[in-house]
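Here's the structure we're looking at; comments come further down.
Protein chains: 2
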Amino acid sequence: MCFAEYFPIFSRLPADEQSLLLSHVFLQKIPKGTQLHRDEKDCLGLLLVLSGQLRVFMTSQNGREITIYRLYDRDICLFSASCIMKNIQFDLNISAERDTDVWIIPINIYKTLMQKSTIIANYTNEIMASRFTDVMWLIEQILWKSFDQRLANFLIEESNLQSKNQLHITHEQIAFHLGTAREVVTRMLKYFQDEGLVRLARGLIEITDIKKLNELNK
Amino acid sequence: MCFAEYFPIFSRLPADEQSLLLSHVFLQKIPKGTQLHRDEKDCLGLLLVLSGQLRVFMTSQNGREITIYRLYDRDICLFSASCIMKNIQFDLNISAERDTDVWIIPINIYKTLMQKSTIIANYTNEIMASRFTDVMWLIEQILWKSFDQRLANFLIEESNLQSKNQLHITHEQIAFHLGTAREVVTRMLKYFQDEGLVRLARGLIEITDIKKLNELNK
Chain U
6 MCFAEYFPIF SRLPADEQSL LLSHVFLQKI PKGTQLHRDE KDCLGLLLVL SGQLRVFMTS
66 QNGREITIYR LYDRDICLFS ASCIMKNIQF DLNISAERDT DVWIIPINIY KTLMQKSTII
126 ANYTNEIMAS RFTDVMWLIE QILWKSFDQR LANFLIEESN LQSKNQLHIT HEQIAFHLGT
186 AREVVTRMLK YFQDEGLVRL ARGLIEITDI KKLNELNK
Chain B
6 MCFAEYFPIF SRLPADEQSL LLSHVFLQKI PKGTQLHRDE KDCLGLLLVL SGQLRVFMTS
66 QNGREITIYR LYDRDICLFS ASCIMKNIQF DLNISAERDT DVWIIPINIY KTLMQKSTII
126 ANYTNEIMAS RFTDVMWLIE QILWKSFDQR LANFLIEESN LQSKNQLHIT HEQIAFHLGT
186 AREVVTRMLK YFQDEGLVRL ARGLIEITDI KKLNELNK
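Residue numbers (this note's numbering), protein chains in the order written: chain U, 6 to 223; chain B, 6 to 223.
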């Protein structure tokens, strides 16, 4: 639970910056379902995930959604501090998909440190570069993978995350993850069922042939 | 032509960093059609565009392309220096669409300065945040705009860039910009022609009704 352990560059910082951090960071429990960040107006600060799961997603004008990436234990959430960077001119939403514990570095403290410390400024660069890599992967998926591959990939990932074959998720929720319409998801899931890959019931998708699903994903 | 004028943070740097830069930057002429950067192995350095036009694009395994963004006068190209940042794990290609003049800050000089100067490290952050914004815009376009809107937008932009209504561009080149297949472009252009928006000839697309094209783009 020690902050120093969760902030990878902590030991490289000089003593005064370490104590500035230690005297201002705080732990927060975020219950599952909480909407953490809606736009740049709520600028929480830098979040360090102790445990849990955050979903970072984008919303279209007419209410569609797409998951940009997810954050797990020991991941760092930069976009909850996006107001620091004036060139970030897009809105991401962040919500807790599970009960999540985070360390929060308040925004003014992080801003002060970024302007003072090359270690922190370059570390921020590295986090942004990681997220950039996630986003470029997403573009490749959207453009050059067919929808059956993306859906298969999503079901496999979800099954791994939850460590089970029965997924309690609606077609609409899947559509929100993949940036498409509910009907498109329903049609493809029915095709998957006909092919024996899944079994569908109300609010439930059971993976019945993970091997075939994996083959689709190649 | 003065470097100091093209590097926005120059005046904020201390004298020793200014002279390090001035003694190492150099001007380079890049002829139209040059492939500047293919993957992280060619790590040129930071480019400051004096004049011209660079295209930053991604390539799929089976040879498709999509334009991620373009750089014009006074823009700064960060991904030609991507080897500095270990967390950038994707390959972008950069090519010159026109004869282009650039200032180049060699990679080792930029790296040294990033580790030493919070001004340069934070400036790098700002450039990356700008490109991130471009990429998020692209995702929105791909996901939530229909292909006729994207094609109309591309033709309008291209016509503005070249300041003329007659565009010398092949359907394949357009497909490379928009990340799709040539046939898809040809089909939509024929539809545009039937609707009186464009006139098609060999290697040429003439915009005949810019107003209608603009309406499509809304």
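Yeah, the Cβ is synthetic: ideal placement off N, Cα and C, and Gly gets one too. Note that the structure is predicted; figures quoted are calculated from it, not measured.
Check: For Met-90/U, three-class secondary structure by DSSP; Outcome: coil
Check: Interface residues of chain B facing Lys-121/U [CB-CB closer than 9 Å]; Outcome: Thr-123
Check: C-alpha gap between Gly-68/B and Asp-21/U, whole angstroms; Outcome: 52 Å
Check: Interface partners of Arg-69/U on chain B, CB under 8 Å; Outcome: Leu-148 and Trp-149
Check: Tyr-77/B and Val-54/B closer than 8 Å at C-beta; Outcome: yes
Check: Cβ-based burial, Ser-151/U [other Cβ within 10 Å; buried from 16]; Outcome: exposed
Check: Where Tyr-128/U sits in the DSSP three-state scheme; Outcome: helix
Check: Distance, Ser-85/U Cα to Gly-208/B Cα; Outcome: 48 Å
Check: Residue from Met-141/B, Glu-10/B, Gln-146/B and Ile-81/B with nearest C-alpha to Gln-94/U; Outcome: Met-141/B
Check: Identity of the residues DSSP links to His-29/B by a beta bridge; Outcome: Answer is none; His-29/B lacks a bridge partner.
Check: Interface flag, Asn-92/U vs chain B, CB-CB below 8 Å; Outcome: yes
Check: Pairwise C-alpha distance: Gln-167/B and Lys-37/B; Outcome: 15 Å
Check: Backbone CA spacing between Ile-174/U and Thr-213/U [nearest angstrom]; Outcome: 16 Å
Check: Close beta carbons around Gln-146/B, own chain, < 7 Å, minus the five adjacent residues each side; Outcome: Arg-155
Check: Supposed contact pair Ile-114/B and Leu-26/B - C-beta distance, whole angstroms, cut 8 Å; Outcome: 7 Å
Check: Cross-chain neighbours of Glu-131/B in chain U, by beta carbon under 8 Å; Outcome: Met-90, Lys-91 and Asn-92
Check: Chain U contacts from the segment 45 to 65 of chain B (Cβ-Cβ distance under 9 Å); Outcome: Met-63 and Ser-65
Check: Straight-line gap, Ala-186/B to Ile-144/U (C-alpha atoms, nearest Å); Outcome: 16 Å
Check: Ala-20/B: contacting residues in chain U (beta-carbon distance under 8 Å); Outcome: Near Ala-20/B there are no residues of chain U at all, since even the closest Cβ is about 18 Å away, more than 8 Å.
Check: C-alpha gap between Ser-16/U and Ile-110/B, whole angstroms; Outcome: 32 Å
Check: Nearest-angstrom Cα separation, counted from Gln-198/B out to Met-133/U; Outcome: 43 Å
Check: Residue-chain proximity (Val-140/B, chain U), Cβ-Cβ < 8 Å; Outcome: yes
Check: Interface residues of chain B facing Leu-156/U [CB-CB closer than 8 Å]; Outcome: In chain order: nothing, as chain B lies at least about 15 Å away.
Check: Proximity of Thr-138/B and Asn-98/U at Cβ, strictly below 8 Å; Outcome: no
Check: Coil, strand or helix - Gln-40/U by DSSP; Outcome: strand
Check: Partner residues on chain U for Ile-14/B, Cβ-Cβ distance less than 9 Å; Outcome: What Ile-14/B touches in chain U: nothing, since even the nearest Cβ is about 13 Å away.
Check: Closest residue to Ala-180/U among Ile-161/U, Met-90/U and Leu-194/U (Cα-Cα distance); Outcome: Leu-194/U
Check: Phe-62/U, enclosing beta strand (DSSP E) - first and last residue; Outcome: 59 to 64
Check: Contact set between the segment 20 to 41 of chain B and chain U, restricted to residues whose Cβ is under 8 Å from the partner; Outcome: none
Check: Leu-82/B, buried or exposed, once every other Cβ within 10 Å from all chains shown has been counted against 16; Outcome: The amino acid occupying residue 82/B in the given sequence is Cys; Leu does not appear at that position. Buried, by the Cβ-count rule.
Check: Distance, Asn-130/U Cα to Ser-24/U Cα; Outcome: 23 Å
Check: Residue-level contact to chain B via CB, Ala-126/U, 8 Å cutoff; Outcome: yes
Check: Chain-ordered neighbours of Leu-143/U on chain B, where CB pairs are closer than 8 Å; Outcome: Ile-144
Check: Min CB distance Phe-8/U to chain B below 8 Å; Outcome: no
Check: Distance CB(Ser-87/U)-CB(Cys-48/U) smaller than 8 Å; Outcome: yes
Check: Where Asp-139/U sits in the DSSP three-state scheme; Outcome: helix
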